[in-house]
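Residue numbers (the working numbering), protein chains in the order written: chain A, 2 to 232; chain B, 1153 to 1458.
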């Protein structure tokens, strides 16, 4: 089952006389539970693509279908709710709220949706990510790796359809990177969570089940082949 | 007259206020009901049977129905699993039972070879011996592949000593290594991991088996332990033939065998088994290799109970 699909996705920017083709006809599909890495150098369009997939930006043409719904047709308000319920984000700079402790940060997106958090499930995530002793610590008391683990817990807590990770280990040393990526992989396996990660680092991409290469806004390798799918 | 107007206005205002309050009250109650329902549904998705009160409330009726859905889907799943398990255990039983008489045949053939025989008979006996060795190998692989069916691997994780796992696994390949004069160098460690001892040893044994099988004589196989914050990494480095880059993702697939090793016996089960075992206990496996220079396999085991 495909949880995410794009059809001939294009994003053009007009810069005076010149037209910049940030994305030029991307068609890809992601199966449920897959761990996909999108690799490309800076300027290849990978961040633009991730923004499109997460409904943070509107494509020039083409479709983005998440969980059977075409999000390129949604209004701004619909998109906001859609993002909160269906997409979990993990950013390079963690984006934790500094005035809230670890636990409050994790359950924040659930509470924003007006729902009482399922304590049992959250506890399970906290334990899996080794944050049990840090539950009441503040973000500035944590190391970078721990902060990113909190961000991952926050993304998992809402049981989203997809987790989008934007250079999740960009600010971490290689040892901690391995640790965080490992947790991403194993928690993904455990909860059948679909993860799409972008990175410029080939070694990091090796952790994923499938790799797509992006160059000048086009897919130039990997594509829709499922040779390495994790099933 | 004025008094009446004021009174009426006040009464109207009072009515409106009362209406608003009542509406607010019901809204809050609805909200609470939905909240409760949402929580129940979430639990049902998780496959949990919930407590129901035996009264006439709608609440109890909904919970009752939800429980029935969970039970029915659980029952169907259980039945399917039971049927599959019966077949699996049949296969594994048969293959185990065939191996015993086979081992006996091999023993008797061995005894026969030691007798004084004429040339023709000896030739035939040797042929029988060769064929039974082949058959024995296939039976072994069949047993392994019946394990490799995901559901047969039932992992029971507990806190285990990494060193113990490494030592037992090394013993499994000691003889083969000795034959090829391969030196297995291993680190000492006091680390603990959360894993199933038996299956993890089996997995590590498979990796070491490959390392010995695909390494030249008198080379070295290194086993290091690298502690990470959430994982313990057991790293196995050999100086063997290596794996081509395009094949590095595929070697973990079931029944995949590289063309480069078609001369060596095997079914392509070993690494698949490794990946399944590790995934089931919250770990993963990574491979780095350069053709002709050697292969490094990293087994990541969880440090936390999960």
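We put the beta carbon where it would ideally sit given N, CA and C, even for glycine. Model, not experiment: these values are computed from the prediction.
- Excluding its 5 nearest sequence neighbours in each direction, residue 205(A) has C-beta neighbours in its own chain below 7 Å: 170, 178, 182, listed in chain order.
- Distance from the Cα of residue 57(A) is smallest, within the candidate group 180(A), 186(A), 165(A), for 165(A).
- Closest in alpha carbon position to residue 5(A), among 34(A), 17(A), 18(A), is 34(A).
- Between residue 111(A) and residue 158(A), the C-beta gap is smaller than 7 Å, which places the two residues in contact.
- Not one beta carbon of chain B lies nearer than 7 Å to the beta carbon of residue 69(A).
- Annotated as proximal: residue 1391(B) and residue 1371(B), with beta-carbon spacing under 7 Å.
- Between the C-alpha atoms of residue 41(A) and residue 24(A) there is a straight-line separation of about 12 Å.
- DSSP lists 89(A), 196(A) as the bridge partner or partners of residue 164(A).
- Residue 1205(B) counts as exposed, since fewer than 16 other beta carbons sit within 10 angstroms of its beta carbon.
- Contact annotation: in the segment 1160-1190 of chain B, residues whose CB is within less than 7 Å of a CB in chain A are 1187, 1190.
- Close partners of residue 116(A) in chain B (Cβ separation under 8 Å): 1187, 1190.
- DSSP places residue 1170(B) within a helical segment (H, G or I) once states are collapsed to three.
- A distance below 6 Å between beta-carbons, with the five flanking residues on each side excluded, links residue 1316(B) to no residue of its chain.
- Residue 5(A) sits in a strand when the DSSP states are folded into three classes.
- Assignment of residue 154(A) by DSSP, reduced to helix, strand and coil, places it in the helix class.
- In its chain, beyond the 5 residues on either side, 98, 101, 155 have a beta carbon closer than 8 Å to the beta carbon of residue 109(A).
- By alpha-carbon distance to residue 84(A), the top candidate from 14(A), 123(A), 160(A), 129(A) is 160(A).
- Inter-residue distance for residue 192(A) and residue 91(A) is about 17 Å (C-alpha atoms, whole angstroms).
- In this structure residue 1233(B) is exposed. Its beta-carbon is surrounded by fewer than 16 other beta-carbon atoms within 10 angstroms.
- The C-alpha of residue 1366(B) is placed about 10 Å away from the C-alpha of residue 1444(B).
- Cβ contact annotation for residue 202(A) (same chain, cutoff 6 Å, sequence separation greater than five): none.
- Nearest neighbour of residue 1385(B) by Cα position, chosen from 1394(B), 1322(B), 1455(B), turns out to be 1455(B).
- Boundaries for residue 68(A): no beta strand (DSSP E) harbours it, and the DSSP string shows neither H nor E there.
- Taking a Cβ-Cβ cut-off of 7 Å, the neighbours of residue 1452(B) in chain A comprise 183, given in sequence order.
- At a cut-off of 7 Å between beta carbons, residue 190(A) contacts chain B.
- In this structure, the alpha-carbon of residue 1279(B) lies about 19 Å from that of residue 1251(B).
- Under the Cβ distance rule, residue 47(A) does not count among the residues neighbouring chain B, no pair being separated by less than 7 Å.
- Distance check between residue 138(A) and each of 149(A), 167(A), 104(A) places 104(A) closest, using alpha-carbon atoms only.
- With 16 or more other Cβ atoms inside 10 Å of its own Cβ, residue 147(A) counts as buried.
- Counted as a single uninterrupted DSSP element, the beta strand (DSSP E) harbouring residue 215(A) occupies residues 211-216.
- Within 9 Å of the CB of residue 1441(B), no CB atom of chain A is found; the nearest one sits about 12 Å away.
- Cβ-Cβ distances below 8 Å link residue 1193(B) to 1218 in the same chain, with the five nearest sequence neighbours on each side left out; the list follows chain order.
- Annotation for residue 53(A): the continuous alpha helix (DSSP H) segment containing it runs 47-54.
- Taking 7 Å as the cut-off, the Cβ atoms of residue 1395(B) and residue 1441(B) count as close.
- With distances taken between CA atoms, residue 1347(B) lies nearest to 1318(B) out of 1361(B), 1410(B), 1318(B).
- Interface flag for residue 15(A) against chain B is unset, since no Cβ pair is found closer than 7 Å.
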